[in-house]
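Now the structure itself:
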């Protein structure tokens with residue numbers, strides 16, 4: 001498990017971001033809703049680390065709470081903030097999309 005800060009460090013080390021669709025996505029008006037979570041994975045996918053919220057509000061140690069994204073817009077905004085482009089979002093439960101920083105770049109400390 002990693003926080004957003006640790007996730008940034010892993011991306012600097014060459015990890016990739018894998019978006020996983022937890023519940024089927026649906027469109028209401030002009031907004032796509034669903035539940036997605038992100039894993040940091042190595043290129044060979046032998047190591048994966050789940051993204052979790054930075055704060056643990058009175059949670060038991062054994063409770064794992066994923067950082068869930070409830071709208072496609074929120075997910076896009078989060079990934080774009082790390083420099084990912086293009087961004088792919090799976091819409092079916094269990095669907096996955098792997099994101100690699102453009103041109104094999106890693107994040108700089110200025111990002």
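Residue numbers (full-length UniProt numbering): 1 to 111. Glycine residues also receive a C-beta, built at the ideal position from the N, C-alpha and C atoms.
* DSSP three-state call for residue 139: helix, strand or coil? -> Outside the shown range of the chain (1 to 111) lies residue 139, about which nothing can therefore be said.
* With DSSP as the reference, label residue 27 as helix, strand or coil. => Here residue 27 is taken as the residue at index 27 of the chain shown, counted from 1. Three-state DSSP puts residue 27 in a strand.
* Asked: Would residue 7 be called buried (16 or more neighbouring beta carbons within 10 Å of its own) or exposed?
  -> For the purposes of this step, residue 7 is taken as residue 7 along the chain shown, with counting starting at 1. It counts as buried.
* **Distance, residue 3 Cα to residue 54 Cα** => Stepping through the chain shown from its first residue, residue 54 is reached at position 54. Stepping through the chain shown from its first residue, residue 3 is reached at position 3. Going from the Cα of residue 54 to the Cα of residue 3 covers about 5 angstroms.
* **Cβ-based burial, residue 39 [other Cβ within 10 Å; buried from 16]** => Position 39 of the chain shown, counted from the start, is the residue given in the question as residue 39. By the neighbour-count criterion, in which 16 or more other beta carbons inside 10 Å mark a residue as buried, residue 39 falls on the buried side.
* Asked: What do you get for residue 69, buried or exposed, if any count of 16 or more other CB atoms within 10 angstroms of its CB means buried?
  -> In the chain shown, counting from the first residue as 1, residue 69 sits at position 69. Buried, by the Cβ-count rule.
* Asked: Since residue 71 is in the beta strand (DSSP E), which residue starts that stretch and which ends it?
  -> By one-based count along the chain shown, residue 71 stands at place 71. First-last of the beta strand (DSSP E) with residue 71: 69-71.
* Asked: Helix, strand or coil: how does DSSP classify residue 113 here?
  -> Not covered by the structure: residue 113. The range shown for the chain is 1 to 111.
* How long is the line joining the alpha carbons of residue 1 and residue 10, rounded to whole angstroms? -> Reading the chain shown from its first residue, position 1 is the one you call residue 1. Reading the chain shown from its first residue, position 10 is the one you call residue 10. Rounded to whole angstroms, residue 1 to residue 10 spans 12 angstroms at the Cα level.
* To do: Using the Cα positions of residue 17 and residue 98, report the straight-line distance between them to the nearest angstrom.
  => As a working note, residue 17 is residue 17 in the chain shown. As a working note, residue 98 is residue 98 in the chain shown. Cα to Cα, residue 17 sits roughly 6 angstroms from residue 98.
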